[in-house]
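Novice: I'd like to ask some things about the structure below.
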Amino acid sequence: ETGVTQSPTHLIKTRGQQVTLRCSSQSGHNTVSWYQQALGQGPQFIFQYYREEENGRGNFPPRFSGLQFPNYSSELNVNALELDDSALYLCASSGTGGVGEKLFFGSGTQLSVL
Amino acid sequence: AQSVAQPEDQVNVAEGNPLTVKCTYSVSGNPYLFWYVQYPNRGLQFLLKYITGDNLVKGSYGFEAEFNKSQTSFHLKKPSALVSDSALYFCAVTDGGFKTIFGAGTRLFVKA
């Protein structure tokens, strides 16, 4: 069973740039959620994708966007980077996004915006 | 709206002693409650969950949690702490929708 993998592990960008983060979901999972974890805080929900459609969104501006591909892997895109976007970005997959399902997390991408 | 509160930033306990990490929640419908653990530079790992049924839930690594509906709490417990339990612990809740909400986390430090 392949776990959730994220790339890259670390990334440094400057303010105003754009970034794309990638996630491969666990084998057999069709739902991917993205979270932002700022230093010293809990993960904040960005959005969820289920079978290539956005299934729900948290309180993040439109410059945070995503995609899910037919193989259920996913991308998180952030445009016009701001200093406050510096955080650990976590991808989590689950089987069907159904009630009470646990989330399987990747190790995250540490984004630093200078 | 859903919310989770973890009132303690850090919990210190001696190895071999029982530990409790506190969590209270707010959700409009039936709560689905989780505990996750995070080690340095890693993603979160699932420990246990409460969906329905028995209020005492047993999970990984000897951890358990007690659901208390009247107090809207879901405290994490372990009878005998290990140094290797030292990590960051997150309580999470969902009302069955697409969003899982996490608390701010509690750092557990177990001293040898």
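Keeping their order, the protein sequence lines are chains A and B. Everything in the first sequence is counted per this note's numbering, starting at 105 for the first residue and increasing by one. Everything in the second sequence is counted per this note's numbering, starting at 3 for the first residue and increasing by one. From the three backbone atoms N, C-alpha and C, an ideal C-beta is built for every residue, glycine too.
1) Is there a Cβ from chain B that is less than 7 Å from the Cβ of V136/A?
2) Would you give the residue range spanned by the beta strand (DSSP E) that E158/A belongs to?
3) Output, in chain order, the set of chain A residues within a Cβ distance shorter than 7 Å of F104/B.
4) Please list the partners that F111/B has in chain A, where partner means a Cβ-to-Cβ separation under 7 Å.
5) Could you check whether Q4/B and I103/B sit closer than 7 Å to each other, using their CB atoms as the reference points?
6) At 3 residues or longer, and completely inside the region 166 to 192 of chain A: list those beta strand (DSSP E) runs for me, N to C.
7) For a contact defined as C-beta to C-beta under 9 Å, what are the partners of F209/A on chain B?
8) Over the uninterrupted beta strand (DSSP E) stretch that includes E66/B, give me the two end residues.
9) Applying the 10 Å Cβ sphere with the 16-neighbour rule, what's the burial state of F111/B?
10) Determine the direct distance from the alpha carbon of Y63/B to that of K80/B, and round the result to whole angstroms.
11) I'd like the list of long-range same chain contacts for R161/A, defined as Cβ closer than 6 Å, with 5 residues on each side in sequence excluded.
Specialist: Let's see:
1) Interface with chain B (7 Å Cβ-Cβ cutoff): V136/A is excluded.
2) E157 to R161
3) G146 and P147
4) Here the premise fails: no neighbours, minimum Cβ distance about 15 Å.
5) yes
6) You should have 168 to 172 and 178 to 182.
7) Y38, Q40, R44, G45, L46, Q47 and F48
8) E66 to N70
9) exposed
10) 9 Å
11) F151
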